[in-house]
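This report refers to the structure that appears directly beneath it.
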């Protein structure tokens, strides 16, 4: 995150105009915060929580409101929706996105807990074919092609 802040600082220095009459530190704070916020959004989860500008605004404001209020009841959802100028449906959807947990695709060998009994890799595997059978089929086809080539070359010589 520090590097993202540094990128924000570099962008601020590049765009800074001392003739405007604003101090660099005041100008740079905006750029640094923006880069850090973008980094948090990009790396919050594997599956993106907020993809549009409106969703990003809702994400950060909803996160602040959740720290203040905790779990939302319907009245609080409507209050937050009014404050942010979005529908209560959008607030509920973002709240559920934020509450969802990431799931690993493949269970690691040290994860023996029952927290993830069915990793997607277990039910997405194609069990109808065997890897060894595929290799054997490829070898058979290659040998058949080689024999055919040899036979064709022998026929040309004769």
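Residue numbers (the working numbering): -17 to 140.
The beta-carbon is built from N, C-alpha and C at its ideal position, and this holds for glycine as well.
Residue i, DSSP secondary structure in three states
i, result
"residue 74", "helix"
"residue 143", "Because the chain in this structure spans residues -17 to 140, residue 143 falls outside the shown range and cannot be described."
"residue 34", "coil"
"residue 28", "Only weak support is given to the placement of residue 28: the predicted model assigns it a pLDDT of 46, under 50, and the question is left unresolved by the model."
"residue -10", "helix"
"residue 54", "coil"
"residue 42", "helix"
"residue 116", "helix"
"residue 80", "helix"
"residue 136", "helix"
"residue 128", "helix"
"residue -17", "coil"
"residue 11", "helix"
"residue 22", "helix"
"residue 68", "coil"
Within 9 Å, strictly: CB atoms of residue i and residue j
i, j, result
"residue 54", "residue 17", "no"
"residue 6", "residue 40", "no"
"residue -17", "residue 22", "yes"
"residue 68", "residue 36", "yes"
"residue 45", "residue 80", "yes"
Contact belief for residue i with residue j at Cβ below 8 Å, rounded distance in angstroms
i, j, result
"residue 19", "residue 42", "7 Å"
Beta-carbon proximity list for residue i, same chain, < 8 Å, skipping 5 on both sides
i, result
"residue -5", "6, 10"
Cutoff 6 Å; reference residue i; Cβ partners in own chain excluding five residues on either side
i, result
"residue 73", "59, 62, 63"
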